Structures are given as structure tokens and as C-alpha cells.
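S.K.: Please find one structure pasted underneath; my questions will follow.
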Amino acid sequence: GAVVSQHPSRVICKSGTSVKIECRSLDFQATTMFWYRQFPKQSLMLMATSNEGSKATYEQGVEKDKFLINHASLTLSTLTVTSAHPEDSSFYICSAGGGGFDTEAFFGQGTRLTVV
Amino acid sequence: GENVEQHPSTLSVQEGDSAVIKCTYSDSASNYFPWYKQELGKGPQLIIDIRSNVGEKKDQRIAVTLNKTAKHFSLHITETQPEDSAVYFCAAKFSTGTASKLTFGTGTRLQVTL
Numbered sequence: 314g315a316v317v318s319q320h321p322s323r324v325i326c327k328s329g330t331s332v333k334i335e336c337r338s339l340d341f342q343a344t345t346m347f348w349y350r351q352f353p354k355q356s357l358m359l360m361a362t363s364n365e366g367s368k369a370t371y372e373q374g375v376e377k378d379k380f381l382i383n384h385a386s387l388t389l390s391t392l393t394v395t396s397a398h399p400e401d402s403s404f405y406i407c408s409a410g411g412g413g414f415d416t417e418a419f420f421g422q423g424t425r426l427t428v429v
Numbered sequence: 631g632e633n634v635e636q637h638p639s640t641l642s643v644q645e646g647d648s649a650v651i652k653c654t655y656s657d658s659a660s661n662y663f664p665w666y667k668q669e670l671g672k673g674p675q676l677i678i679d680i681r682s683n684v685g686e687k688k689d690q691r692i693a694v695t696l697n698k699t700a701k702h703f704s705l706h707i708t709e710t711q712p713e714d715s716a717v718y719f720c721a722a723k724f725s726t727g728t729a730s731k732l733t734f735g736t737g738t739r740l741q742v743t744l
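Heads up: the protein sequence lines correspond to chains A and B, in order. Using the working numbering, the letters of the first sequence correspond one by one to residues 314 to 429. Using the working numbering, the letters of the second sequence correspond one by one to residues 631 to 744.
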């Protein structure tokens, strides 16, 4: 399978600050990337879908001004959590598709965000 | 939209026994069904998938079966080992390429005991 790298794996930030999470497809060009949020012992909740060079499509209930997504190249998408609050603490995961993989989605390692 | 139900939520088996996890989906148009294994603190890893044009697929100790009529699909793990312990998620989507969204089940925590 393809390799998707997510960075950082863990981050702690203070309330009110912003945090950027990067998702890179290392060996293929990802035309589409997905961002998920996962609470402890729960399933993955899709936050948004991003396509290279266009605006992200957010799921209902997800604040687009709080969770900024940029997909400027075929190998990189970023999620910025703006003005973070403790309730934003969660496990954020990206997945990528494209590059000849018709249906598979390959996931990054996830980022554990803790807002203090 | 698609809805995926997954059972059981927890499953404990002895090493060497088989484990079966079942999922049902609601959208008859769904045509791609992957299974993911997630270890603690890590992202999901694709372990096997099946498309709607086949009924069964096997990869060593792992197999997936699909019943399109009943809208059921199942993951079978034989000869379980302690390293199989993890959370398993099923998912479904109608594939229109890589841009289509996956809908995930609620997950099954598998514990393989010695």
C-alpha cells in the first residue's frame, strides 16, 4: 500500500493558540485527502474532504473557520486548528487517495492534540 | 446517506481460535468495503477490502465475505495471535473514485488471550 505521513504525532498547545497538522503522501500523488477526528473508544468522524487546488468540503457541524484545511499540492494537506480550546483535544487523522488507487484510502499515523 | 452497523463491540478469543466481526450497511449502491485495524495511538491500517463484484476474498489468515442481497459483510480471522489484538473498523462507500467518502462502523475491540 501507499504511505501517508502525518506530523506531528503529538502536540500540546495552550488555549487560544493555533496548531497546524501536516499530512503528506510520500509515494503517490493524492488528489483527495480526508481529515477525521476520533474521540477515545469511538469511531472516526469525517471532518472534511479536500481536493488539491480547491476549497475543502466540510461535514455538517464542522466549523470551517476553526478548522482550516489547505491542500496546496498533490502531496501535502494541512489542518490548522485555530484558537484552540480544551474541547478541541482529540486524535486527528488524515487519509489520502489517488495516484492510481481507485478506491483505497491510506491513513496517516494520527496526531494527538492536547489543549491546556 | 450510508449507515454502517458493526457487531460485536468487544470480542475476546483465545489464541488459535477464530474471530468473526460482522457489519451491515444501508445503501445498496455501496460497492467498496474495506476493513481497518487500529492499534492504540495509531492510525487505521487497511488489512483487507472487497468490492461488490465478488463474494469472498482471502489473504492468509484473514478473509472477508460479502452478501449484497442482505447487505452484510464480515471479517474472519483464523488462528488468532496476540498481535491481532486491536480495534477493527469496517467501512463502506459507493466508489466514484478516490473522492468518495467512507462511512465507518463503530469498531470492534478484539482481545486475543493466551
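In this text, a Cβ means the ideal position worked out from N, Cα and C, and glycines have one as well. The structure presented is a predicted model; accordingly, all values stated were derived computationally and were not measured.
1. Taking only beta-carbon positions, decide if A:Leu-392 is within less than 8 Å of chain B.
2. Quick one: what does DSSP say B:Asp-714 is sitting in, helix, strand or coil?
3. State yes or no: is the beta carbon of A:Leu-430 nearer than 8 Å to at least one beta carbon in chain B?
4. What's the C-alpha gap between B:Gly-646 and B:Gln-741?
5. Is A:Asp-378 helix, strand or coil when you go by DSSP?
6. Between which residues of its own chain and B:Gly-685 is the CB-CB distance below 7 Å, once the five residues before and five after are set aside?
7. For a contact meaning CB atoms closer than 7 Å, what does B:Pro-638 contact in chain A?
8. Measuring alpha carbon to alpha carbon, tell me which of A:Val-429, A:Glu-372, A:Thr-344, A:Cys-336 ends up nearest A:Ser-318.
9. Rounding to the nearest angstrom, what Cα-Cα distance links B:Thr-654 and B:Glu-635 in this structure?
10. With which residues is B:Asn-697 paired in a DSSP beta bridge?
11. For the pair the region 391-408 of chain A and the region 696-713 of chain B, tell me if three or more CB-CB distances fall below 8 Å.
12. Alpha carbon to alpha carbon, how far is A:Leu-359 from B:Ala-649?
13. Chain B partners of A:Trp-422, CB-CB under 7 Å?
14. Report yes or no: is there a C-beta of chain A within less than 8 Å of the C-beta of B:Phe-724?
M.R.: Per the coordinate set shown:
1. Not one chain B Cβ lies under 8 Å of A:Leu-392.
2. Helix.
3. This structure cannot speak to residue 430 of chain A, because chain A is shown only from 314 to 429.
4. C-alpha separation (whole angstroms): 12 Å.
5. Of the three classes helix, strand and coil, the one that applies to A:Asp-378 here is coil, per DSSP.
6. Within the same chain, and ignoring the five residues on either side of B:Gly-685 in sequence, the residues whose Cβ sits closer than 7 Å to its Cβ are Thr-695, Leu-696.
7. None at all; the shortest Cβ gap to chain A is about 14 Å.
8. That would be A:Cys-336, whose Cα lies nearest to the Cα of A:Ser-318.
9. Cα to Cα, B:Thr-654 sits roughly 5 Å from B:Glu-635.
10. According to DSSP, B:Asn-697 shares a beta bridge with B:His-702.
11. Under the 8 Å Cβ criterion, the region 391-408 of chain A does not count as touching the region 696-713 of chain B, having fewer than three qualifying pairs.
12. In this structure, the straight-line span from the alpha carbon of A:Leu-359 to that of B:Ala-649 is close to 28 Å.
13. In the sequence on display, residue 422 of chain A carries Gln and not Trp. Within chain B, the residues near A:Gln-422 are Lys-672, Gly-673.
14. Under the Cβ distance rule, B:Phe-724 does not count among the residues neighbouring chain A, no pair being separated by less than 8 Å.
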